[in-house]
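Colleague: In the working numbering, each residue's number is its place in the sequence shown (first place is 1) plus 239. Don't be surprised by glycine CBs; every beta carbon is placed ideally from N, CA and C.
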Amino acid sequence: MSDALEDFRAEARAWVEENFPPSLAGKGMGMEGELDGDTKADFELWRARLGEKGWGAPTWPQEYGGAGLSHPQAKIVGEEISRVGGLNPIPALAGMGITMVGPTLLEYGTDDQKARHLPATARGEVRWCLGLSEPNAGSDLASLATKAEDKGDYFQLNGQKIWTSGADISHWCGALVRTDPSAPKHKGISFVMLPMDQEGVETRPIRLISGASPFCETFFNDARAEKSDLLGELNDGWSVVKRLLQHERQSQTSAGSPMASARSKAIQDIAKEYAGTDDSGALADGDLRSRLVDHLMDARSHSLTVRRITAEAKGQVKVSAAASILKNSATRISQTKSELTLEIMGAQGLGWEGAEFTAEEKNTVREWLWGKAISIYGGSFEVQKNIISKNILGLPETTQKG
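(1) Taking all protein chains shown into account, decide if S378 is buried (16 or more other Cβ within 10 angstroms of its Cβ) or exposed.
(2) Kindly indicate which three-state DSSP category S429 falls into: helix, strand or coil?
(3) Sort I564, M435 and D246 by Cα distance to W411 and report the nearest one.
(4) Identify the residues that DSSP records as bridge partners of P444: which are they?
(5) List the endpoints of the continuous beta strand (DSSP E) containing G290.
(6) Please classify T580: does DSSP put it in a helix, a strand, or coil?
(7) Going by the beta-carbon positions, is the gap between V480 and L371 smaller than 9 Å?
(8) From the DSSP output, in three-state form, read off N258 for me.
(9) So the candidates are L345, L531, R322 and E373; which of them puts its Cα closest to the Cα of R252?
(10) Please list, in chain order, all residues of the same chain as L608 whose beta carbon is under 7 Å from its beta carbon, the five residues on each side excluded.
(11) Three or more beta-carbon pairs under 8 Å between the segment 459–468 and the segment 628–635, yes or no?
(12) Suppose you measure from the CA of N258 to the CA of R288; what does that come to, to the nearest Å?
(13) Can you list the beta strand (DSSP E) stretches of 3 or more residues lying completely in the segment 375–416, in chain order?
(14) Within the chosen definition, does the segment 411–422 reach the segment 379–393 through at least 3 CB pairs nearer than 8 Å?
(15) Helix or strand or just coil, what does DSSP make of L531?
(16) Is M335 buried or exposed, if buried means 16 or more other CB atoms sit within 10 Å of its CB?
(17) Applying the 10 Å Cβ sphere with the 16-neighbour rule, what's the burial state of Q623?
(18) In terms of alpha-carbon separation, which member of S262, R362, E256 and A514 lies closest to E302?
(19) Sorted by chain position, which residues of the same chain lie with C-beta nearer than 7 Å to P328's C-beta, five sequence neighbours on each side aside?
(20) Flag this pair as yes or no: are the beta carbons of G398 and I428 separated by less than 9 Å?
(21) Return helix, strand or coil for A501, following the three-state DSSP convention.
(22) Which value, in whole angstroms, describes the spacing of the CA atoms of Y513 and L369?
(23) Check whether the segment 573–581 and the segment 524–544 are in contact - that is, three or more C-beta pairs closer than 8 Å.
(24) Please list the segments of the alpha helix (DSSP H) lying wholly inside the segment 323–385, counting only runs of 4 or more residues, in order along the chain.
(25) When we look at the beta-carbon of T403 and count the other beta-carbons within 10 Å, is it buried (16 or more) or exposed?
(26) Pick helix, strand or coil for D518, following the three-state DSSP scheme.
(27) Specify, as a first and last residue, the run of the alpha helix (DSSP H) that F620 falls within.
(28) By Cβ distance, which residues of its chain are closer than 6 Å to R248, with the 5 residues on each side in sequence left out?
(29) Closer than 7 Å by C-beta to D461: which residues in its own chain qualify, once you throw out the five before and the five after it? Chain order, please.
(30) Contact check, Q352 vs L483 under 8 Å by CB: the rounded distance?
(31) For A464, which of helix, strand or coil comes out of DSSP?
(32) Name the DSSP bridge partner or partners of P434?
(33) Check the DSSP bridge columns for A470 and list the partner residues they point to.
(34) CA-CA distance, W591 and L380?
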């Protein structure tokens, strides 16, 4: 590491130690950034301090609420926050704002759009959702039917979206809508931004088997999106959303759970606690030990690959089709970890309620159930394989073209 980065680490460490509320050490957040009463005030204080510092979205330009840091510097900030047992709550509080909408706005937005939307998002004060999938337009997203009629200075939206994460608690929505029904399906759609707090927007939460769910059905009934909130060119929304989805896949390469705390117990320690050890202190179950080592090696390889790709790009994260490889790798690692943890805990890992199960044990089965969705959302495992085969391996197109 260069001397400049070492100096920056020292500065970041000092700032974190001075500003991080010790009461939050090891504390996680809910799937959609929910906070309990005991930590809510301290999390709000921590959010405000991070937002003022520009570390909610550290690589964004300072004029848009970021800190203008390089990606290696931003990584150091994350490491120093993690070192004290903390986490950055702003990405969760902003919904899709930090990881997806913001980076796409920086590329496609007008100066006015960036000035109006980005600073409050970077501070975690505004939450975003995305209206993309529909009941009849999932993997084939370009088949969407939600229409936006030109009403002069605004668009009037009518239609339904589904799997809209956090729609019921979001302030703004980025929606893909059909603006030219006569054009080929990829050519007649646009990307608009609209406030959720209006009479023409209705949300209905969708309950999942895991008990916790960020998903909603979203209905547009003469909803209004201003012309000034059209992102990109009219009828070129497909270009915008392709870039947005690349940012989504890039953000999903950590193989982490939103419900995990900054100091989650290592899986090898869980194994020793539940499965037992031999006289040498090694896991007594040789087969489990072997599979656990395989998982840890895969996780380490994934982490090193992410670092290598960043280093090869001279510290700048280049969002490309390679994100599909990392998304699938992260999916496999996360789901394998959940399966192993459940197996290690045995019957104790299947508890749903009751005093005979610890909070960690009850959370294990919920994370296992929730984790099944990772291979579907953000582009399914199979869709990522199609992207890899076409854009990385150069294999011929075999999927249906629109």
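Modeller: From the atom records:
(1) Position 139 of the sequence shown holds residue 378. By the Cβ-count criterion, S378 is exposed, with fewer than 16 other Cβ atoms from all chains shown falling within 10 Å of its own Cβ.
(2) Against the sequence shown, residue 429 aligns to sequence position 190. If DSSP states are grouped into helix, strand and coil, S429 belongs with the strands.
(3) Here residue 411 is taken as the residue at index 172 of the sequence shown, counted from 1. Of I564, M435 and D246, the residue nearest in Cα terms is M435.
(4) Your numbering for residue 444 matches position 205 in the sequence shown. Listed as beta-bridge partners of P444 by DSSP are C455.
(5) Sequence index remark: in the sequence shown, residue 290 carries index 51 (1-based). Where G290 is concerned, there is no enclosing beta strand (DSSP E), although the alpha helix (DSSP H) it sits in stretches over K279 to K292.
(6) Indexing the sequence shown from 1 puts residue 580 at position 341. Helix at T580.
(7) Within the sequence shown, residue 480 is the residue found at index 241, counting from 1. Within the sequence shown, residue 371 is the residue found at index 132, counting from 1. L371 is positioned such that its CB atom lies closer than 9 Å to that of V480.
(8) By 1-based counting over the sequence shown, the position of residue 258 is 19. Helix.
(9) The sequence position of residue 252 within the sequence shown is 13, counting from 1. Each of L345, L531, R322 and E373 was checked against the Cα of R252, and the nearest Cα belongs to R322.
(10) Residue numbering aside, residue 608 sits at position 369 when the sequence shown is read from its first letter. Only I448 and S449 meet the Cβ criterion.
(11) The way I'd put it, the segment 459–468 doesn't touch the segment 628–635; fewer than three beta-carbon pairs between them come closer than 8 Å.
(12) The sequence position of residue 258 within the sequence shown is 19, counting from 1. The sequence position of residue 288 within the sequence shown is 49, counting from 1. Linking N258 to R288 through their CA atoms gives a straight-line distance of about 7 Å.
(13) The segment 375–416 contains these whole beta strand (DSSP E) runs: 386–389 and 393–401.
(14) Yes, since at least three Cβ pairs between the segment 411–422 and the segment 379–393 fall closer than 8 Å, the two stretches touch.
(15) Locating residue 531 in the sequence shown gives position 292, counting from the first residue. In the three-state DSSP reduction, L531 falls in the helix class (H, G or I).
(16) What you label residue 335 is simply residue 96 of the sequence shown in a count that begins at 1. Counting every other CB atom within 10 Å of its CB across the protein chains shown gives M335 a total of 16 or more, marking it as buried.
(17) Your numbering for residue 623 matches position 384 in the sequence shown. Buried.
(18) Reading the sequence shown from its first residue, position 63 is the one you call residue 302. Comparing alpha-carbon positions, the option among S262, R362, E256 and A514 lying closest to E302 turns out to be R362.
(19) Mapped onto the sequence shown, residue 328 falls at position 89. For P328, where only same-chain residues beyond five positions count, the Cβ hits under 7 Å are M268, G272, F282, W285, R286 and G363.
(20) The sequence position of residue 398 within the sequence shown is 159, counting from 1. The sequence position of residue 428 within the sequence shown is 189, counting from 1. The answer is no: Cβ separation not under 9 Å.
(21) Position 262 of the sequence shown, counted from the first residue, corresponds to residue 501. Its pLDDT being 48, under 50, A501 is placed unreliably in this model, and the coordinates cannot settle the point.
(22) For this step, residue 513 is matched to residue 274 along the sequence shown. For this step, residue 369 is matched to residue 130 along the sequence shown. A direct Cα-to-Cα measurement between Y513 and L369 gives close to 41 Å.
(23) Flag = yes, the segment 573–581 and the segment 524–544 touch.
(24) Segments of the alpha helix (DSSP H) lying fully in the segment 323–385: 329–332, 341–347 and 350–361.
(25) For the purposes of this step, residue 403 is taken as the residue at position 164 of the sequence shown. With 16 or more other CB atoms across the displayed protein chains lying within 10 angstroms of its CB, T403 is buried.
(26) Residue mapping note: residue 518 aligns to position 279 of the sequence shown, counting from 1. Coil at D518, not helix or strand.
(27) Position 381 of the sequence shown holds residue 620. Going by DSSP, F620 is part of the alpha helix (DSSP H) stretching over F620 to I626.
(28) On the sequence shown, position 9 is the one that residue 248 refers to. The answer, listed in chain order, is I315.
(29) For the purposes of this step, residue 461 is taken as the residue at position 222 of the sequence shown. In the same chain as D461, and ignoring 5 residues on each side of it, the C-beta atoms closer than 7 Å to its own belong to Q395, N397 and G439, in chain order.
(30) As a first step, residue 352 is located in the sequence shown; it is residue number 113 there, counting from the start. As a first step, residue 483 is located in the sequence shown; it is residue number 244 there, counting from the start. Taking C-beta atoms under 8 Å as the contact rule, Q352 and L483 fail to qualify, at a distance of about 14 Å.
(31) Walking along the sequence shown from the start, residue 464 turns up at place 225. A464 falls in the strand class under three-state DSSP.
(32) For the purposes of this step, residue 434 is taken as residue 195 along the sequence shown, with counting starting at 1. The partner list for P434 (beta bridge, DSSP) reads W411.
(33) If you number the sequence shown from 1, residue 470 lands on position 231. Checking the sequence shown, residue 470 turns out to be Leu, not Ala. According to DSSP, which records beta bridges pairwise, L470 is partnered with F430.
(34) Here the question's residue 591 lines up with position 352 in the sequence shown. Here the question's residue 380 lines up with position 141 in the sequence shown. Going from the Cα of W591 to the Cα of L380 covers about 36 Å.
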